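In the working numbering, the protein residues as written are 955 to 1088. Even for Gly, the Cβ is constructed at its ideal location relative to N, Cα and C. No experiment lies behind these values; they were computed from the predicted model shown. As structure tokens, the structure follows; a few thoughts come after it.
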């Protein structure tokens, strides 16, 4: 996989979703738009990848599902914000519940997108939050 970069800054996105099919769809769309992607199937795996990424190419942004086993998206977001609050996080869920959206934004998510609506606005939101590609 080729690396898309802006100078020394790689446009590398961490996708955190326990639905492997959804993670693959998101990864394919982001790669087609010029981003590099790495996937994690739960919050704990994402936090481990984030820790490892500081020694390699850092992540430009994180796509984070809400409903996951082991560590849900909101708990993962809390930990992410403590570890590295400068990485923008785009939260996503199959069901857009107002209280969860409100909590995610309060905790520091840059935006929230419903997976069912992702096709129409997904790439544009990624470009706005993570940086422009192509």
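Beta-ladder partner(s) of residue i, from DSSP
| i | result |
| --- | --- |
| residue 991 | 967 |
| residue 1016 | 968 and 1043 |
Residue i versus the options, residue with shortest Cα-Cα distance
| i | options | result |
| --- | --- | --- |
| residue 1061 | 1029, 971 and 1078 | 1029 |
| residue 1004 | 1031, 988 and 989 | 1031 |
| residue 966 | 1080, 1046 and 1013 | 1013 |
| residue 998 | 978, 1059, 1019 and 1063 | 1019 |
| residue 1000 | 986, 1025, 976 and 978 | 1025 |
| residue 974 | 993, 1047 and 1075 | 993 |
Where residue i falls: helix, strand or coil (DSSP)
| i | result |
| --- | --- |
| residue 1005 | helix |
| residue 1065 | strand |
| residue 1026 | coil |
| residue 997 | helix |
| residue 979 | helix |
| residue 1058 | helix |
| residue 1048 | coil |
| residue 1078 | helix |
Alpha-carbon to alpha-carbon, residue j and residue i
| i | j | result |
| --- | --- | --- |
| residue 1052 | residue 970 | 21 angstroms |
| residue 1035 | residue 1041 | 8 angstroms |
| residue 990 | residue 1027 | 22 angstroms |
| residue 983 | residue 972 | 18 angstroms |
| residue 995 | residue 1022 | 8 angstroms |
Residue i Cβ short of 7 angstroms to the ligand MG heavy atom set
| i | result |
| --- | --- |
| residue 1003 | In the structure shown, the ligand MG is absent, as is every other ligand, since no ligand is present at all. |
Minimum Cβ-Cβ distance from residue i to chain B less than 8 angstroms
| i | result |
| --- | --- |
| residue 1018 | No chain B appears in the structure shown, which is made up of a single protein chain. |
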